[in-house]
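Engineer: Protein sequence lines correspond, in order, to chains U and B. For the first sequence, my numbering puts the final residue at 238, and the numbers step up evenly by one. For the second sequence, my numbering puts the final residue at 238, and the numbers step up evenly by one. Don't be surprised by glycine CBs; every beta carbon is placed ideally from N, CA and C. Pasting in a structure now, in structure tokens, and then I'll have a few things to ask.
Number of protein chains: 2
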Amino acid sequence: MSIRRKIDIPHCEDCASRLCSIFNDLPSEELGKINHSKGGNLYKRGQNIFYEGTRPSGLYCINFGKVKIYKIDQSGKEQIVRLAKAGDVLGYRSLISGELYSSFAAPLEDSLICFIPRTVFFSLLQTNANLSMKIMKILSQDLKSAENRIANMAQKPVRERLAEALLILREFYGLEDDEATLGVALTREDLANVVGTATETVIRLLSEFREDKIIALKGRKIKILDHISLVKTANIFD
Amino acid sequence: MSIRRKIDIPHCEDCASRLCSIFNDLPSEELGKINHSKGGNLYKRGQNIFYEGTRPSGLYCINFGKVKIYKIDQSGKEQIVRLAKAGDVLGYRSLISGELYSSFAAPLEDSLICFIPRTVFFSLLQTNANLSMKIMKILSQDLKSAENRIANMAQKPVRERLAEALLILREFYGLEDDEATLGVALTREDLANVVGTATETVIRLLSEFREDKIIALKGRKIKILDHISLVKTANIFD
DNA sequence: TTCAAAACATGACAAATATCATGTTTCAGA
DNA sequence: TCTGAAACATGATATTTGTCATGTTTTGAA
Numbered sequence: 001m002s003i004r005r006k007i008d009i010p011h012c013e014d015c016a017s018r019l020c021s022i023f024n025d026l027p028s029e030e031l032g033k034i035n036h037s038k039g040g041n042l043y044k045r046g047q048n049i050f051y052e053g054t055r056p057s058g059l060y061c062i063n064f065g066k067v068k069i070y071k072i073d074q075s076g077k078e079q080i081v082r083l084a085k086a087g088d089v090l091g092y093r094s095l096i097s098g099e100l101y102s103s104f105a106a107p108l109e110d111s112l113i114c115f116i117p118r119t120v121f122f123s124l125l126q127t128n129a130n131l132s133m134k135i136m137k138i139l140s141q142d143l144k145s146a147e148n149r150i151a152n153m154a155q156k157p158v159r160e161r162l163a164e165a166l167l168i169l170r171e172f173y174g175l176e177d178d179e180a181t182l183g184v185a186l187t188r189e190d191l192a193n194v195v196g197t198a199t200e201t202v203i204r205l206l207s208e209f210r211e212d213k214i215i216a217l218k219g220r221k222i223k224i225l226d227h228i229s230l231v232k233t234a235n236i237f238d
Numbered sequence: 001m002s003i004r005r006k007i008d009i010p011h012c013e014d015c016a017s018r019l020c021s022i023f024n025d026l027p028s029e030e031l032g033k034i035n036h037s038k039g040g041n042l043y044k045r046g047q048n049i050f051y052e053g054t055r056p057s058g059l060y061c062i063n064f065g066k067v068k069i070y071k072i073d074q075s076g077k078e079q080i081v082r083l084a085k086a087g088d089v090l091g092y093r094s095l096i097s098g099e100l101y102s103s104f105a106a107p108l109e110d111s112l113i114c115f116i117p118r119t120v121f122f123s124l125l126q127t128n129a130n131l132s133m134k135i136m137k138i139l140s141q142d143l144k145s146a147e148n149r150i151a152n153m154a155q156k157p158v159r160e161r162l163a164e165a166l167l168i169l170r171e172f173y174g175l176e177d178d179e180a181t182l183g184v185a186l187t188r189e190d191l192a193n194v195v196g197t198a199t200e201t202v203i204r205l206l207s208e209f210r211e212d213k214i215i216a217l218k219g220r221k222i223k224i225l226d227h228i229s230l231v232k233t234a235n236i237f238d
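Here is the structure:
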């Protein structure tokens with residue numbers, strides 16, 4: 001029996017996340033090209049996938065796990081600008097605009113992430129018009145949600161933003177088997193860095209939600225008890 | 001002499017903004033297709049170019065003028081999420097993602113805006129791989145600046161955000177002949193809706209900047225007197 | 001030119017939220 | 001299993017910023 005810890009990276013054909021990725025309808029031959037050139041790495045909490053200010057040399061693709069994309073200000077405070085899950089790609093924004101990374105990326109939990117060299121990615125883009133269209137759609141969706149967040153940050157109080165963040169997490173990462181507990185367990189600090197507020201404020205508001213029987217808390221696990229009230233608290237209308 | 005007010009729309013070949021637009025290197029024949037199918041309209045302050053929730057039927061292209069793209073919350077408060085100028089296209093985000101418009105667009109000053117039907121735009125996308133790449137780059141840039149704004153809204157006080165907004169306006173719309181006055185004259189309210197704060201707060205802070213000799217104010221015209229101090233006030237480091 | 005509406009301006013005050021301090025609990029590594 | 005560090009929690013307080021009120025100035029349309 002082998003001692004090596006290195007996780008086996010599946011062939012792209014067998015990738016559990018392929019069907020929900022941008023490569024879902026890529027012809028076998030093209031997929032082979034990716035598979036041949038790709039590398040893979042298991043990232044643990046505390047490691048970084050890439051750093052702001054460094055040059056992108058390829059595209060990351062999440063086999064399993066959950067990832068945060070974030071910025072850091074002078075005082076060291078994080079702001080999470082985007083989240084990603086299995087099947088999602090990372091680093092396409094900087095790769096396409098030909099710039100240095102403008103954010104950091106790090107796993108929220110142990111994550112297996114493949115790496116596709118930039119030359120391979122760009123040659124796929126050239127030959128596969130459909131792939132371009134998919135990238136454009138991802139960028140469009142990202143831009144839409146980013147602009148929604150700008151408006152929310154400007155116009156909504158923290159309480160509403162936190163409630164909305166819980167709903168977004170539910171939507172994005174899904175629920176556990178009990179159909180009520182969020183499928184992702186963020187620290188209070190990470191949650192604060194999503195919402196754009198102080199950690200203490202998130203702690204206080206979560207306690208309020210719990211007192212109001214809207215959620216239940218068990219460590220980092222958040223269970224939605226009263227979805228209707230949560231939607232009302234988020235004050236969503238569009 | 002003709003009485004009609006209708007402004008003559010130039011042929012795309014002669015469009016003053018073509019060289020700085022995504023169509024700058026399109027072959028003559030393709031440009032002819034656009035020109036043949038396009039319409040044009042002069043929009044004045046108070047009119048809308050498109051509305052959130054309506055279906056995009058084509059792409060807008062600014063011949064001259066300045067445009068704001070904004071959202072409105074329940075209480076009727078605007079948040080400006082993006083700005084545009086001559087040569088820029090509008091409405092590509094929703095068009096590409098195949099959704100209803102997620103924002104409003106309106107001119108900041110009298111603007112001549114052409115309209116390219118969606119079928120024409122999509123057929124250009126199919127045949128012209130270079131155009132796809134340009135759209136991707138625009139989306140990437142928009143996403144980058146949107147994510148920067150998210151971080152700023154979360155982490156920076158209003159004073160710094162306002163100073164940064166003035167620098168961004170300077171960069172984006174340029175300066176007048178005196179090399180100091182911003183090339184765009186926003187109302188205090190529009191400026192507040194860019195920064196994401198109350199109109200009164202913008203008025204107060206602009207007065208402070210004037211007292212500190214950083215800017216001079218003449219109606220809606222803002223003249224930058226001390227660029228260095230403005231950069232310091234914006235507290236930019238990246 | 002006039003006049004009403006919009007924009008600008010400023011003060012007083014209230015509300016939301018950050019910060020600081022302190023203590024407890026949880027968790028991961030030795 | 002132990003133990004130190006990180007995460008969680010809560011109170012007290014300070015600060016920022018929004019809101020409301022009021023008055024002035026500017027602007028654009030008749």
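#1: Should the stretch 159-176 of chain B be called in touch with the stretch 197-216 of chain U, which here means at least 3 C-beta pairs below 8 angstroms?
#2: From U:K144 to B:C20, what distance separates their C-alpha atoms?
#3: Are the stretch 149-159 of chain U and the stretch 37-46 of chain U touching by the rule of at least three beta carbon pairs closer than 8 angstroms?
#4: Is the beta carbon of B:S28 less than 8 angstroms from the beta carbon of B:N63?
#5: Are there 16 or more other CB atoms within 10 angstroms of the CB of B:S132, so buried, or fewer, so exposed?
#6: Please name the residue in U:F50, U:L83, U:F121 whose C-alpha comes closest to that of U:H36.
#7: Which ranges does the alpha helix (DSSP H) cover as unbroken runs of at least 4 residues, wholly within the stretch 98-149 of chain U, from first to last along the chain?
#8: Any contact of the stretch 197-204 of chain B with the stretch 216-224 of chain B, i.e. 3+ C-beta pairs under 8 angstroms?
#9: Among the candidates B:E30, B:S103, B:I138, B:I214, whose CA atom is the shortest distance from the CA of U:N148?
#10: For a contact meaning CB atoms closer than 8 angstroms, what does B:A86 contact in chain U?
#11: With distances taken from CA atoms, which of U:D25, U:L95, U:D73, U:E30 is nearest U:F50?
#12: For a contact defined as C-beta to C-beta under 9 angstroms, what are the partners of U:V81 on chain B?
#13: Please work out which residues of its chain come closer than 8 angstroms, Cβ to Cβ, to B:S2, disregarding the five sequence neighbours upstream and downstream, and give them in chain order.
#14: Counting only the same chain and skipping the five closest in sequence on each side, list residues whose C-beta sits under 7 angstroms from that of B:K213.
#15: Could you name the residues of the stretch 21-50 of chain U whose beta carbon sits closer than 8 angstroms to any beta carbon of chain B, in the order they occur along the chain?
#16: Give me the subset of the stretch 178-202 of chain U whose CB atoms are less than 9 angstroms from a CB atom of chain B, sorted by chain position.
#17: What does DSSP give as the partner residues of U:I80 in its beta bridges?
#18: What three-state label does DSSP hand U:G174 in the structure shown?
#19: On the criterion of 16 or more Cβ atoms from any shown chain inside 10 Å, does U:R55 qualify as buried, or is it exposed?
#20: Please state whether DSSP places U:G32 in a helix, a strand or coil.
#21: Quick one: Cα of B:P117 to Cα of B:S123, how far?
#22: Excluding the 5 residues flanking B:A216 on each side, which residues of the same chain have their C-beta closer than 6 angstroms to its C-beta?
#23: CA-CA distance, U:D73 and U:R93?
#24: Have a look at the DSSP bridge pairing and note the partners of U:R55.
#25: Examine chain U for any beta-carbon lying closer than 8 angstroms to the beta-carbon of B:A105, and answer yes or no.
#26: What would DSSP say about B:V89, mapped onto helix, strand or coil?
#27: Could you tell me the distance, in whole angstroms, from the CA atom of B:D8 to the CA atom of B:E160?
#28: Between the beta-carbon of B:K68 and the beta-carbon of B:F172, is there less than 8 angstroms?
#29: Going by C-alpha distance, which of B:R220, B:T233, B:D190 is nearest B:K77?
#30: Sorted by chain position, which residues of the same chain lie with C-beta nearer than 7 angstroms to U:L230's C-beta, five sequence neighbours on each side aside?
#31: By how many angstroms is the C-alpha of B:T181 removed from the C-alpha of B:R220?
#32: Measuring alpha carbon to alpha carbon, tell me which of B:Q126, B:L90, B:N130, B:Y101 ends up nearest B:I113.
#33: How many angstroms separate the CA atom of B:R45 from the CA atom of B:L108?
#34: Does any C-beta atom of chain U lie closer than 8 angstroms to the C-beta of B:L143?
#35: Among B:I80, B:E99, B:R188, which has the Cα closest to the Cα of B:V194?
#36: Could you name the residues of chain U that B:D110 contacts, counting a contact when the two beta carbons are closer than 8 angstroms?
Structural biologist: Taking the geometry as given:
#1: No, they do not touch.
#2: For the purposes of this step, residue 144 of chain U is taken as the residue at position 144 of the first sequence. For the purposes of this step, residue 20 of chain B is taken as the residue at position 20 of the second sequence. U:K144 and B:C20 have their alpha carbons spaced roughly 25 angstroms apart.
#3: Counting C-beta pairs closer than 8 angstroms gives fewer than three between the stretch 149-159 of chain U and the stretch 37-46 of chain U, which falls short of the contact rule.
#4: Locating residue 28 of chain B in the second sequence gives position 28, counting from the first residue. Locating residue 63 of chain B in the second sequence gives position 63, counting from the first residue. Not in contact: B:S28 and B:N63 (Cβ atoms no closer than 8 angstroms).
#5: As a working mapping, residue 132 of chain B is identified with position 132 in the second sequence. Taking all protein chains shown into account, B:S132 has 16 or more neighbouring C-beta atoms within 10 Å of its C-beta and is therefore buried.
#6: Position 36 of the first sequence, counting from 1, holds the residue named residue 36 of chain U. Per the Cα distances, U:F121.
#7: Counting whole runs of 4 or more residues, the stretch 98-149 of chain U contains the alpha helix (DSSP H) stretches 118-127.
#8: Contact between the stretch 197-204 of chain B and the stretch 216-224 of chain B is absent: fewer than 3 CB-CB pairs across the two stretches fall below 8 angstroms.
#9: Counting from one through the first sequence, the residue named residue 148 of chain U turns up at place 148. Closest option to U:N148, Cα to Cα, is B:S103.
#10: Residue numbering aside, residue 86 of chain B sits at position 86 when the second sequence is read from its first letter. Near B:A86 there are no residues of chain U at all, since even the closest Cβ is about 22 angstroms away, more than 8 angstroms.
#11: Working through the first sequence from its first residue, we reach residue 50 of chain U at position 50. Of U:D25, U:L95, U:D73, U:E30, the residue nearest in Cα terms is U:L95.
#12: The residue labelled residue 81 of chain U in the question sits at position 81 within the first sequence. Per Cβ cutoff of 9 angstroms: A146, E147, N148, I150, A151.
#13: By 1-based counting over the second sequence, the position of residue 2 of chain B is 2. In this prediction, B:S2 scores a pLDDT of 31, lower than 50, which makes its location untrustworthy; no coordinate-derived value is stated.
#14: To locate residue 213 of chain B, count along the second sequence from 1; it is residue 213. Exclusion of the five residues before and after B:K213 leaves L225, D226 as the residues of its chain whose Cβ lies within less than 7 angstroms of its Cβ.
#15: Residues of the stretch 21-50 of chain U with a C-beta less than 8 angstroms from any C-beta of chain B: none at all.
#16: Within the stretch 178-202 of chain U, contact with chain B at the beta-carbon level (separation under 9 angstroms) is assigned to N193, V195, G196, T197.
#17: As a first step, residue 80 of chain U must be located in the first sequence, where it is residue number 80. Beta-bridge annotation (DSSP): U:I80 is paired with U:Y70.
#18: Here residue 174 of chain U refers to the residue found at position 174 of the first sequence. Annotated three-state conformation of U:G174 is coil, per DSSP.
#19: Here residue 55 of chain U refers to the residue found at position 55 of the first sequence. By the beta-carbon neighbour count (other beta carbons within 10 angstroms, threshold 16), U:R55 is exposed.
#20: On the first sequence, residue 32 of chain U is found 32 positions in, with the first residue counted as 1. DSSP places U:G32 in the helix class (H, G or I) of the three-state scheme.
#21: Numbered from 1 along the second sequence, position 117 holds the residue referred to as residue 117 of chain B. Numbered from 1 along the second sequence, position 123 holds the residue referred to as residue 123 of chain B. Going by the C-alpha atoms only, they are around 10 angstroms apart.
#22: Counted from its first residue, the second sequence places residue 216 of chain B at position 216. Cβ within range, chain order: K223, L225.
#23: Here residue 73 of chain U refers to the residue found at position 73 when the first sequence is read from its first residue. Here residue 93 of chain U refers to the residue found at position 93 when the first sequence is read from its first residue. Going by the C-alpha atoms only, they are around 20 angstroms apart.
#24: Locating residue 55 of chain U in the first sequence gives position 55, counting from the first residue. According to DSSP, residue pairing for U:R55 in a beta bridge does not occur.
#25: Numbered from its first residue, the second sequence carries residue 105 of chain B at position 105. For B:A105, not one C-beta of chain U is nearer than 8 angstroms to its own C-beta.
#26: Locating residue 89 of chain B in the second sequence gives position 89, where the first residue counts as 1. DSSP places B:V89 within a strand segment (E or B) once states are collapsed to three.
#27: Here residue 8 of chain B refers to the residue found at position 8 of the second sequence. Here residue 160 of chain B refers to the residue found at position 160 of the second sequence. Taking the straight line joining both Cα atoms gives about 43 angstroms.
#28: As a position in the second sequence, residue 68 of chain B is number 68, starting the count at 1. As a position in the second sequence, residue 172 of chain B is number 172, starting the count at 1. At the C-beta level, B:K68 and B:F172 stay beyond 8 angstroms of one another.
#29: Reading the second sequence from its first residue, position 77 is the one you call residue 77 of chain B. The shortest Cα separation from B:K77 among B:R220, B:T233, B:D190 belongs to B:D190.
#30: By 1-based counting over the first sequence, the position of residue 230 of chain U is 230. Exclusion of the five residues before and after U:L230 leaves A163, L166, L167, I214, I224 as the residues of its chain whose Cβ lies within less than 7 angstroms of its Cβ.
#31: The count along the second sequence starts at 1 and reaches residue 220 of chain B at position 220. The count along the second sequence starts at 1 and reaches residue 181 of chain B at position 181. Roughly 10 angstroms between the two C-alpha positions.
#32: The residue given as residue 113 of chain B occupies position 113 in the second sequence. When only C-alpha atoms are compared, the closest one is B:L90.
#33: Taking the first residue of the second sequence as position 1, residue 45 of chain B is located at position 45. Taking the first residue of the second sequence as position 1, residue 108 of chain B is located at position 108. So the alpha carbons of these two residues sit roughly 6 angstroms apart.
#34: On the second sequence, residue 143 of chain B is found 143 positions in, with the first residue counted as 1. True, the Cβ-Cβ gap to chain U drops below 8 angstroms.
#35: Indexing the second sequence from 1 puts residue 194 of chain B at position 194. Comparing Cα positions, the closest option is B:I80.
#36: Taking the first residue of the second sequence as position 1, residue 110 of chain B is located at position 110. None at all; the shortest Cβ gap to chain U is about 26 angstroms.
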